[in-house]
Amino acid sequence: MADTSLSGVRVVRELDRLMIERGKPKMVVSDNGSELTSNAILAWADQSRVAWHYIAPGKPMQNAFIESFNGRLRDELLNETLFTSLAQARVALGCWRADYNDTRPHSQLGWKTPSEFAMTCHPRRDLALRYAEGSAPAPVASTAQPGKSIGKGELRTG
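Structural data, given as structure tokens:
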């Protein structure tokens, strides 16, 4: 998103759009930028029941994934281009984003593009399966039914 400024309200709109498209995140990790510490963001996180974690000021490595992405964007586009208008910046960013997401494979994604990898992720289905199958190992013994005896050596409460 390229613009002259981003308000918390605009960030909330984008978060709502992303939740519809990709499902609800458990947590958002961000820096302490004014658009991310606004009342709009705090209210959204509370109403959406999404945990929000702010990295410590001056500690960008606490959010290494985005810092790696930001470094790549800076090196490949922002440091190489003198933008003469907001429209030019938007077009250039759109082209770079399309290349990054749809053309180039990433080693950390098994040499898939982010778009290909995203197609393998189904947050709603995966969440439903996790709760259907459970994450705990199967019990060693079956659960006793209330009011039914399961054997002679059974302990009874007194």
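The sequence shown begins at 78 in my numbering and counts up one residue at a time. A virtual CB, placed ideally from N, CA and C, is assigned to each residue, including glycine.
If I measure Cβ to Cβ from residue i and keep anything under 7 Å in the same chain, skipping five residues before and after, which residues do I get?
| i | result |
| --- | --- |
| residue 182 | 188, 189 and 190 |
| residue 109 | 131 and 134 |
| residue 121 | 89 and 92 |
Pull up the distance between the alpha-carbon of residue i and that of residue j, whole angstroms please.
| i | j | result |
| --- | --- | --- |
| residue 79 | residue 159 | 14 Å |
| residue 162 | residue 85 | 24 Å |
| residue 169 | residue 185 | 25 Å |
| residue 102 | residue 127 | 7 Å |
| residue 94 | residue 100 | 10 Å |
| residue 180 | residue 196 | 14 Å |
| residue 146 | residue 115 | 24 Å |
| residue 165 | residue 151 | 16 Å |
Once the 5 residues before and after residue i are set aside, which same chain residues still bring their CB inside 8 Å of it?
| i | result |
| --- | --- |
| residue 107 | 113, 129, 130, 131, 132 and 140 |
| residue 104 | 127, 128, 129 and 130 |
Closer than 6 Å by C-beta to residue i: which residues in its own chain qualify, once you throw out the five before and the five after it? Chain order, please.
| i | result |
| --- | --- |
| residue 144 | 137 |
| residue 198 | none |
| residue 117 | 85, 86 and 89 |
| residue 173 | 154 |
What residues match up with residue i in a beta bridge as DSSP calls it?
| i | result |
| --- | --- |
| residue 189 | 183 |
| residue 105 | 129 |
How would you label residue i, buried or exposed, when you count the other beta carbons within 10 angstroms and need 16 or more for buried?
| i | result |
| --- | --- |
| residue 97 | exposed |
| residue 82 | exposed |
Report the three-state DSSP secondary structure of residue i (helix, strand or coil).
| i | result |
| --- | --- |
| residue 128 | strand |
| residue 138 | helix |
| residue 85 | helix |
| residue 98 | helix |
| residue 80 | coil |
| residue 156 | coil |
| residue 197 | helix |
| residue 111 | helix |
| residue 145 | helix |
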